[in-house]
Amino acid sequence: MATIVDLQQAEDPRDLVHRAVQALAEGHVIAVPTETVYGLTASGLDEDAVETLVQMKGRSDTAPLAIALRSIDAVWDFACQLAPLAERLARRTWPGPLTLVLPCLDPDSALTQLPESVQRRVMAEDGCVGFRVVDHRVFETIHQFFAAPLVLTSANPSGKPAATTGTEVFDYFADEAALPLILNDGPCRYAGASTVVRVLGHRYEILREGAIERAAMRQFAKPMIALVCTGNTCRSPMAEVLLRERLRKKTGREDAVLVVSAGVAAMPGCGAALQAVEVMGQRGLDLTGHASRPLDDRLIELSDLILTMTAQHRDAIVARWPHAAERVKTLLRDGRDVSDPVGAPVEVYTACADQIDQELDAWVGSFGDDWYPSEVDDTKGQE
């Protein structure tokens, strides 16, 4: 018979989590909270435990299970050739309520280290596997003490509503001898299923709309480019509107790619330099509403490409955010700097804008399909 334990009433919840880790190590299935719904989980290295989980779920042989990973970085071990779109969605939504379905046919994939029967349980007919990085303290702690990947599915019999509290899990599986432990942490944050998205190259398909709505997923899928200078009042604001205009002309859309600007030493809320406003106005571009912003953690994480006006800007960014180094480039591909026109006459700003625009033309010309993701409009249900 299943035992339900209340994490919120425990003197030390870590003791209960250690008990859960021990149960997993012994080959048991356990029920755990996530930010979406409660889940049934088992070690991905234990084929008997995974088969027990499938039997408890009563799931169709054709419905694949998901793999819960400890971090974003771990997905590279499984989906060895991660498309830029997939990397973007993972970076922007994980940990969080997204199940990312990715191709895993590479012979070097960590998937090949799982028992063959487990591989069959997690892989769809098209060679794709669903991955989650759960945003819940219990799952995070379990991953700290349990190295194996976890196979995960919702804690409800197939065809029944998903459980969003531990007591609902108990009601479903109270007499299930194969479920020794239910960790109850109260209601789930979203109280609804994760969104499921399959990514193949630059195309994505929303298989199930869940906690992340379709409109939000479309925004998450869009690439973002950040233009960076010092104060975000001269060079980078001009670069922002120039790049946005070039992308509009190429794609016929205003927002195919998100374009922003910032400064490594910017004060928030300052307007663009009057000379920059005038020069852009001469080109039919509007900088009158510009407000400067400092470069920050969130902008770094959201941006797919960060173009700096000088090598010094790039070095400063990489020193502070070394994990983003591959995404930070100087605007001038030969490594030269775009000189700062601050305080100079309009003619100097015009020359600066011409230099920036010429380089942006080369950048836009280099963008392939990965920069223009497309949605497959084919919504399907998935349990």
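Under our numbering, the final residue of the sequence shown carries the number 460; numbering is consecutive throughout. Where is the CB? At the ideal position from N, CA and C, for every residue including glycine. Every value quoted in this text rests on a predicted model; they were computed, and no experiment measured them.
Rounded straight-line distance, which links the Cα of residue j to that of residue i
{"i": "A224", "j": "T385", "result": "40 Å"}
{"i": "Y449", "j": "E164", "result": "14 Å"}
{"i": "Q459", "j": "L284", "result": "Here Q459 scores only 38 on pLDDT, less than 50, and its place in the model should not be relied on; the value that follows carries that caveat. Rounded to whole angstroms, Q459 to L284 spans 7 Å at the Cα level."}
{"i": "M294", "j": "R214", "result": "24 Å"}
{"i": "K406", "j": "P226", "result": "35 Å"}
{"i": "M315", "j": "I149", "result": "35 Å"}
{"i": "D75", "j": "P180", "result": "The structure shown does not extend to residue 75, since the chain is modelled only from 78 to 460, so the question has no answer here."}
{"i": "S120", "j": "L101", "result": "6 Å"}
{"i": "A167", "j": "I394", "result": "22 Å"}
{"i": "T456", "j": "T272", "result": "In this prediction, T456 scores a pLDDT of 44, lower than 50, which makes its location untrustworthy; the coordinate-derived value is nonetheless stated afterwards. Distance between the alpha carbons of T456 and T272 is about 11 Å."}
{"i": "D89", "j": "P110", "result": "17 Å"}
{"i": "T118", "j": "C157", "result": "24 Å"}
{"i": "P234", "j": "D392", "result": "54 Å"}
{"i": "F297", "j": "D446", "result": "17 Å"}
{"i": "V114", "j": "K237", "result": "13 Å"}
{"i": "P161", "j": "G361", "result": "33 Å"}
{"i": "V228", "j": "S137", "result": "16 Å"}
{"i": "N261", "j": "Q85", "result": "8 Å"}
{"i": "D381", "j": "A428", "result": "28 Å"}
{"i": "M344", "j": "E424", "result": "26 Å"}
{"i": "T244", "j": "A342", "result": "52 Å"}
{"i": "E217", "j": "G173", "result": "12 Å"}
{"i": "V210", "j": "F247", "result": "25 Å"}
{"i": "P264", "j": "E103", "result": "28 Å"}
{"i": "Q476", "j": "I259", "result": "Residue 476 is absent from the model: the chain starts at 78 and stops at 460."}
{"i": "A349", "j": "D454", "result": "41 Å"}
{"i": "D414", "j": "I302", "result": "19 Å"}
{"i": "T129", "j": "E290", "result": "33 Å"}
is_contact[residue i, chain B] using C-beta, thresh 7 Å
{"i": "A143", "result": "Checking the listed chains, one finds no chain B in this structure; it contains a single protein chain."}
Cβ separation of residue i and residue j, assumed to be a contact under 8 Å, to the nearest whole Å
{"i": "H220", "j": "R147", "result": "4 Å"}
{"i": "G340", "j": "G366", "result": "That belief does not hold up - the Cβ atoms of G340 and G366 are roughly 17 Å apart, past 8 Å."}
{"i": "I107", "j": "F208", "result": "In fact, because the Cβ distance is near 20 Å, the residues do not count as touching under 8 Å."}
{"i": "E317", "j": "V337", "result": "7 Å"}
{"i": "E452", "j": "Y249", "result": "Not quite, the Cβ-Cβ distance comes to about 35 Å (not below 8 Å), so this is no contact."}
{"i": "I186", "j": "F155", "result": "A quick correction: the sequence has Ser, not Ile, at residue 186. Sure, about 5 Å apart at Cβ, within 8 Å."}
{"i": "L142", "j": "T230", "result": "5 Å"}
{"i": "I35", "j": "A396", "result": "Nothing can be reported for residue 35: it is not among the residues displayed for the chain, which extend from 78 to 460."}
{"i": "A288", "j": "G269", "result": "5 Å"}
{"i": "L320", "j": "L437", "result": "5 Å"}
{"i": "D212", "j": "E112", "result": "5 Å"}
One or two residues paired with residue i in a DSSP bridge
{"i": "P184", "result": "None, per the DSSP bridge assignment."}
{"i": "P371", "result": "G340"}
{"i": "R64", "result": "An answer regarding residue 64 cannot be provided, because it is not within the stretch 78 to 460 covered by the chain."}
{"i": "V82", "result": "L260"}
{"i": "I302", "result": "V336, L382"}
{"i": "F208", "result": "I144, L177"}
{"i": "L229", "result": "T118, A143"}
{"i": "T272", "result": "L175"}
{"i": "I289", "result": "In DSSP, I289 forms no bridge with anything."}
{"i": "A108", "result": "L117, I259"}
{"i": "M200", "result": "V206"}
Any non-hydrogen atom of the ligand ADP closer than 6 Å to residue i Cβ
{"i": "G207", "result": "Judged by which ligands are present, the structure shown has none, so any question about the ligand ADP falls away."}
Checklist entry - Can we say the stretch 79-93 touches the stretch 240-255, given the rule of at least three CB pairs closer than 8 Å? => result Touching, per the Cβ criterion.
Checklist entry - Taking one C-beta from the stretch 357-364 and one from the stretch 406-416 each time, how about it: are there three or more such pairs within less than 8 Å? => result No: fewer than three Cβ pairs fall under 8 Å.
Checklist entry - Which ranges does the beta strand (DSSP E) cover as unbroken runs of at least 3 residues, wholly within the stretch 353-427, from first to last along the chain? => result Within the stretch 353-427, the complete beta strand (DSSP E) runs of at least 3 residues are 382-385, 405-407.
Checklist entry - Should the stretch 265-277 be regarded as contacting the stretch 170-185, the criterion being three or more beta carbon pairs within less than 8 Å? => result Enough Cβ pairs lie closer than 8 Å, so yes.
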